[in-house]
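Inspection log for the structure reproduced underneath, given as C-alpha cells.
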Amino acid sequence: LSLLMMFALLTLAAATPSGSEVMWEVYNRESGDTMSANLIMTITNARGAVRERSIAQYRMHKDGVESKLMFFLSPSDVRNTSFLSFSYEDGRSDDQYIYLPALRRVKRIASDSKNDSFMGSDFTYDDMGSRHPDIDSHKVLRRERVEGVSTLVVESHAKGDEDYPRTISWVVEGEWFGLKKEFYLSNGTLGKTLTIDSYKQIEGIYVITDMTMRNLVANTSTRIQMEDVEFNLDFNDSFFSERQMRIGPRR
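Here you go:
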C-alpha cells in the first residue's frame with residue numbers, strides 16, 4: 007500500500023508543473039499579434055462616488071516587444087490623455103510614457119513610480135504592463151476548482167522591493183490565464199484583490215472582458231470592461247510612438 011501511495015504521489019508531482027513553468031505559460035499564452043478594444047473604466051471611491059472613463063486600447067507584439075497604447079476619450083478632465091508602454095521578453099524593465107494634454111508634453115514614468123496609481127485608479131503602472139516571470143520566484147501551492155474550473159494556485163514572491171511583495175494567483179490549468187489574484191503587503195496583510203468576472207474566446211483567443219481591482223485598505227475599486235475586441239489588425243511600428251500619443255487614436 008505504501009508503495010502504491012508513493013507511486014501516486016510521484017505521478018502527481020510529475021504531472022504538476024512548477025510555479026515558474028505555470029507563470030511562463032501565462033506570460034507566453036496566445037494573445038494575438040495585434041489587438042484593439044474599447045475599455046470602460048469605472049472607479050469607485052471610499053464614499054461610493056463613481057467616475058467612468060472611456061478608453062481606446064491598441065496592442066502589438068513584434069520581435070520580442072509588446073507595445074500598448076491607450077487613449078482616454080472621456081470625460082473631459084482626462085480626454086486626450088494617452089499612455090504608451092513597451093514590455094520586453096528579455097526581462098528589461100518596461101518603458102512607459104504618459105501624455106498630459108494640459109502640459110502638452112510626454113512624461114516618462116520613472117522606475118520608482120511603477121507602483122503609483124494609474125490615472126487615479128486601483129491599478130498601478132506596473133499592472134498595465136506585462137510582468138516578466140523572472141521578476142518573482144514562484145511556487146505551486148495546490149490545485150483548486152473555482153466555479154467549476156480547475157486552477158493551479160501559485161504563490162509568487164518579488165525578488166526586488168515591491169509594495170506588494172507576495173501575490174497568490176489562481177491560473178486556469180491548460181488555458182493559462184488568471185481567474186483571480188491576491189496582493190499582500192509587506193506586513194502580510196491582504197491589500198488588494200483582482201477578480202475576473204467575465205471572459206470569452208474571440209477568434210480562438212481567451213479574452214478577459216470584465217475584471218475588478220479592489221483596494222481593501224482604501225476601500226476603493228476599479229472595474230475594467232473590454233468591448234469591441236478585434237485581432238490581426240495592420241499597425242505600423244510608428245503608431246506606437248510619442249507622436250501618435252499627441253495625435254490621438256486616428257490611424
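Mapping of the sequence shown onto our numbering: residues 7 to 257, in sequence order.
Beta carbons: idealized from backbone N, C-alpha and C, even for Gly.
Bear in mind the structure is a predicted one, so any value in this text is a computation, not a measurement.
Taking 3 residues as the shortest admissible run, the stretch 97-178 contains the following complete beta strand (DSSP E) segments, listed from N- to C-terminal end: 101-106, 111-114, 142-152, 155-164, 172-178.
The Cβ atoms of A62 and N86 lie no closer than 8 Å to each other.
The continuous alpha helix (DSSP H) containing G25 extends over residues 25-34. Considered as a whole, the stretch 195-222 harbours no complete run of any alpha helix (DSSP H) with no fewer than 4 residues.
Ranking L79, H163, E95, D133 by CA distance to the CA of S88 puts L79 first. By the CB criterion at 8 Å, N238 and D39 fall inside the cutoff.
Contact between S175 and K187 is confirmed by a C-beta separation of about 5 Å, below the 8 Å threshold. CA-CA distance, V56 to D128, rounds to 13 Å. Of the residues G135, I115, M76, the one whose Cα lies closest to the Cα of G97 is G135. Residue state for D240 is assigned as coil, using DSSP reduced to three classes. Pairing M41 with V235 gives a Cβ-Cβ distance under 8 Å. Pairing V178 with G25 gives a Cβ-Cβ distance that is not under 8 Å. If you ignore the 5 residues before and after H163, its C-beta comes within less than 7 Å of the C-beta of D142, S143, P171, R172, all in its own chain and listed in chain order.
Here DSSP, grouped into helix, strand and coil, assigns R256 to coil.
Leaving aside the five residues that flank D122 on each side, the residues in its chain whose CB is nearer than 7 Å to its CB run, in chain order, T130, Y131. Looking at the backbone, the Cα of V152 and that of E31 are separated by about 19 Å.
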